[in-house]
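Numbering (this note's numbering), first residue to last: 808 to 913.
A quick write-up on the structure given underneath.
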């Protein structure tokens with residue numbers, strides 16, 4: 808039961824305008840912003856500004872890592888990497904993470 812809840816919480820949830828909700832921890836990887844999903848695999852997505860967007864500067868100023876809901880579109884990068892074009896972020900909680908490995912110091 809708990810495993811099913813974790814899987815559901817980490818799943819992308821479609822919203823009406825074609826974007827999805829990706830729940831996870833926003834972190835810095837060098838100078839790049841990434842989202843580490845709240846799933847067992849801890850899938851990672853590079854965050855990019857959606858066309859006309861202005862969200863990433865706000866994220867950089869937040870106390871990272873930060874737990875939240877990233878609303879955006881998935882795009883495959885030229886190198887095959889996963890990218891989220893960020894429309895906006897909701898329920899951002901600076902200084903928090905959703906990963907058990909972080910809570911256990913791993």
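Even for Gly, the Cβ is constructed at its ideal location relative to N, Cα and C.
- Reference residue 851, options 897, 857, 888, 895, closest by Cα: 888
- Message: So for residue 866, helix, strand or coil by DSSP?
- Response: helix
- Message: Going by DSSP in three states, residue 895 sits in which element: helix, strand or coil?
- Response: strand
- Going by DSSP, what residues sit across from residue 856 in a beta bridge? 893
- Item | Beta carbon of residue 869 nearer than 8 angstroms to that of residue 892 | no
- Message: With the cut-off set at 8 angstroms, would you say residue 838 and residue 873 are in Cβ contact?
- Response: no
- Query: When the Cα atoms are used, what is the spatial distance from residue 843 to residue 886?
  - Reply: 19 angstroms
- Item | Buried versus exposed, by CB contacts within 10 Å (16 or more), residue 883 | exposed
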